[in-house]
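A short worksheet on the structure shown next.
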Amino acid sequence: MIRKASDTNEDVLMLQKLAKKTFYDTFAYENSEEDMKEYLETAYDFDVLKSEIECETSDYYFYLDGSAAVGFVKVNWADSQTEPDYPEALEIQRIYSLKEYHGHGIGAALMEHAISVARELKRPMMWLGVEEQNKRAYRFYTKYGFKKVGTHVFMLGEDEQHDSVLVKNLED
Numbered sequence: 002m003i004r005k006a007s008d009t010n011e012d013v014l015m016l017q018k019l020a021k022k023t024f025y026d027t028f029a030y031e032n033s034e035e036d037m038k039e040y041l042e043t044a045y046d047f048d049v050l051k052s053e054i055e056c057e058t059s060d061y062y063f064y065l066d067g068s069a070a071v072g073f074v075k076v077n078w079a080d081s082q083t084e085p086d087y088p089e090a091l092e093i094q095r096i097y098s099l100k101e102y103h104g105h106g107i108g109a110a111l112m113e114h115a116i117s118v119a120r121e122l123k124r125p126m127m128w129l130g131v132e133e134q135n136k137r138a139y140r141f142y143t144k145y146g147f148k149k150v151g152t153h154v155f156m157l158g159e160d161e162q163h164d165s166v167l168v169k170n171l172e173d
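To convert, count from 1 in the sequence shown and add 1; that's the working numbering.
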């Protein structure tokens, strides 16, 4: 089941725990412990997450297995997007699931939900950034019709990383 995150302490804490775990499990192997620690403490700070949930142009959605959150997606539109290049688009800023749930259709369900949100908001396109070395994620996005159009910088702690920018046209 997918449900929108609320700004209750319970939801913010559930998101914080899930986001830190999934990000760490995905990227710790190729980044320094210092950079990971700095990023996790900054990006997934309780107050930061709470304000993002409360934002009118950004939403988090949980994928629940029973009452446990095992995946999530964050979408942004309008001025909440992390890049100004696609003002009419919907950005998928984050989409993760617990490793033990990979291959169970959670990413697909979250992606389909994000696409439906974009359509409800009448956004003509979607975009996202993906780490160039994350081949699994890259294949997943291209399966959904996302195409590389460029790169952008993603700061992980003190490390400047280059992500591929992928877009999907929803008007086809």
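Each residue gets a CB set at the ideal place from its N, CA and C atoms; glycine is no exception.
Closest to Ala44 by CA distance: which of Phe63, Lys22, Tyr30, Met127 is it?
Translated into positions along the sequence shown, residue 44 becomes position 43. Among Phe63, Lys22, Tyr30, Met127, the Cα nearest to that of Ala44 belongs to Lys22.
With a cut-off of 8 Å, do at least 3 Cβ pairs link the region 75-83 to the region 23-34?
no
Assign Asp12 to one of three DSSP states: helix, strand, or coil.
As a first step, residue 12 must be located in the sequence shown, where it is residue number 11. The answer is helix: DSSP assigns Asp12 an H, G or I state.
Around the C-beta of Gln134, are 16 or more other C-beta atoms found within 10 angstroms, so that it is buried, or is it exposed?
Walking along the sequence shown from the start, residue 134 turns up at place 133. With fewer than 16 other Cβ atoms within 10 Å, it is exposed.
According to DSSP, simplified to helix, strand and coil, what is Lys149?
For the purposes of this step, residue 149 is identified with residue 148 of the sequence shown, where counting begins at 1. Strand, per DSSP.
Taking only three categories from DSSP, how would you classify Gln94?
In the sequence shown, counting from the first residue as 1, residue 94 sits at position 93. In the structure shown, Gln94 sits in a strand (DSSP, three-state: E or B).
Should Phe147 and Gly130 be called a contact, given that it needs their Cβ atoms to be closer than 8 Å?
Sequence index remark: in the sequence shown, residue 147 carries index 146 (1-based). Sequence index remark: in the sequence shown, residue 130 carries index 129 (1-based). Cβ distance not < 8 Å, so Phe147 and Gly130 don't count as in contact.
In its own chain, which residues sit with a C-beta less than 6 Å from the C-beta of Tyr40, not counting the 5 before and 5 after it?
Mapped onto the sequence shown, residue 40 falls at position 39. Hits under 6 Å: Leu157, Gly158.
Let me know the beta strand (DSSP E) ranges lying completely inside the region 101-146, each 3 residues or longer, listed in chain order.
126-132
Starting from Ser52, trace the beta strand (DSSP E) both ways and give me its first and last residue.
Taking the sequence shown and counting its residues from 1, one reaches residue 52 at position 51. Not the beta strand (DSSP E): Ser52 falls in the alpha helix (DSSP H), residues 47-55.
Coarse secondary structure for Tyr64, derived from DSSP in three states:
Residue mapping note: residue 64 aligns to position 63 of the sequence shown, counting from 1. Reduced to three states, the DSSP call for Tyr64 is strand.
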